[in-house]
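Worksheet for the structure shown next.
In structure tokens, the structure reads:
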């Protein structure tokens, strides 16, 4: 993942955007600003293995969950079998898909699959069917997952000699973590292991990450190795993107992996100069990746409240074309053939 520009470069980009300011490009509403497909297209999955996408941005209020649900809905509309994993302890995606009862369900839950080696294959029991996709819902127990995964990572590093501490003593700080249950130089592979154990076959796994930086988010990015970045077209997104790049860079170094950027979804875009300048900034920072514009639409919130994506709620809304463009780009980046015949 590339580094973000320096402060001086950001100022230059914003000045350049202001010089070339215009609103006379209606086609932007419907397609990526760069044609919808990344210029560095590669196949980011092994043949026969689901493509994994982590929708992530630690800045709250970016519409991350709305993007995750509607990208999954668009992939479904293109005939793909999709599993959405709600990794957020607040359970926003679970709520946005009308699965509130699952949030209070008894174990086993996603929490158990992530933190207890005896339940690593429990994800099959957690999956819930939704008309548009399968869902691994979040659960109230996930409020303790960040602590468990942090302790597990410390135990792994202590066992590997990277932390001067007793693994057994560290494990006593957690509920499910034991020294015997942690292997390897880190414990970032909890979700990856759980997904590998699934009996069901999917084309895509879409992970909705928490709106904060920590081990849960690291676990989601580690499992996916591909990130889709939702962001608001406002100045605060600059710092959020920089922090995301810092986190991903640190994760790549710790886990010895490479993380690819699939694109940026600029969310709730309005017709203002600030929005236009920020869109130019996204274009410059993510020069090799598509940047999509999702305009502010009341229907997106109404669809969320109805427990479905925009495609089920009202597919006549113009923003469905943007999400279909995202789905088309993902298919091409992951090397999928043309979609199967879609039932009408």
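Residue numbers (my numbering): 1047 to 1390.
Backbone N, C-alpha and C define an ideal beta-carbon position, used for all residues, glycine too.
What is the rounded straight-line gap between the Cα of residue 1266 and the Cα of residue 1120? Whole-angstrom Cα-Cα distance: 21 Å.
Which of the three DSSP states is assigned to residue 1186 in this structure? Shown here, residue 1186 sits in a helix according to DSSP, grouped into three states.
Is it buried or exposed for residue 1334, if we count other Cβ within 10 angstroms and need 16 for buried? The residue is exposed, with fewer than 16 neighbouring Cβ atoms inside 10 Å.
As a quick exercise: from 1183, 1226, 1191, pick the residue whose alpha carbon is nearest that of residue 1204. Out of 1183, 1226, 1191, the CA that lies nearest to the CA of residue 1204 is found in 1226.
Shortest alpha-carbon distance to residue 1307 belongs to which of 1315, 1314, 1295? Considering only alpha carbons, the answer is 1295.
If you pair each beta-carbon of the stretch 1275-1295 with each one of the stretch 1161-1173, do three or more pairs fall below 8 Å? Counting C-beta pairs with one atom in each stretch, the stretch 1275-1295 and the stretch 1161-1173 have fewer than three that are closer than 8 Å, which means they do not touch.
For residue 1188 and residue 1156, believed in contact at Cβ under 8 Å, the rounded distance: Their Cβ separation, rounded to whole angstroms, is 6 Å, which keeps residue 1156 and residue 1188 in contact under 8 Å.
Can you give the Cα-Cα distance for residue 1181 and residue 1095, rounded to whole angstroms? Going by the C-alpha atoms only, they are around 18 Å apart.
Is the Cβ of residue 1246 closer than 9 Å to any Cβ of chain B? Reference to chain B is not applicable here, since this structure consists of a single protein chain.
Thinking C-alpha only, which one of 1272, 1175, 1349 is nearest residue 1304? Closest option to residue 1304, Cα to Cα, is 1272.
Between the CA atoms of residue 1261 and residue 1373 - distance to the nearest angstrom: Whole-angstrom Cα-Cα distance: 28 Å.
Look up residue 1341 in the DSSP assignment and say whether it is helix, strand or coil. Secondary structure at residue 1341: strand, using DSSP grouped into helix, strand and coil.
Residue 1358 (DSSP reduced to helix, strand or coil): Three-state DSSP puts residue 1358 in a helix.
Hey, how far is the Cα of residue 1316 from the Cα of residue 1277? Near 13 Å, if we compare the C-alpha coordinates of residue 1277 and residue 1316.
Would you grab the beta carbon distance between residue 1195 and residue 1236 for me? Rounded to a whole angstrom, and I think it's under 8 Å. A Cβ-Cβ separation of about 6 Å places residue 1195 in contact with residue 1236 under the 8 Å criterion.
Using DSSP bridges, identify the partner residues of residue 1394. Outside the shown range of the chain (1047 to 1390) lies residue 1394, about which nothing can therefore be said.
Helix or strand or just coil, what does DSSP make of residue 1421? For the chain, the structure presents residues 1047 to 1390; residue 1421 sits outside this window and is missing.
To the nearest angstrom, how far is it from the Cα of residue 1370 to the Cα of residue 1357? Annotation: residue 1370 to residue 1357 spans about 10 Å, alpha carbon to alpha carbon.
On the three-state DSSP scale, how would you describe residue 1320? Helix.
Buried/exposed call for residue 1126, threshold 16 Cβ in 10 Å: Residue 1126 is buried by the Cβ-count criterion.
Can you tell me which residues form a DSSP beta bridge with residue 1272? For residue 1272, which the question treats as bridged, DSSP gives the partners 1306.
If you run the structure through DSSP and keep just helix, strand and coil, what is residue 1229? In the three-state scheme derived from DSSP, where H, G and I count as helix and E and B as strand, residue 1229 is classed as coil.
Nonlocal neighbours in the same chain, by C-beta distance under 7 Å from residue 1168, ignoring five residues either side: For residue 1168, where only same-chain residues beyond five positions count, the Cβ hits under 7 Å are 1154, 1158, 1159.
Going by other Cβ atoms of all chains shown within 10 Å of its Cβ, with 16 needed for buried, is residue 1146 buried or exposed? Residue 1146 is exposed by the Cβ-count criterion.
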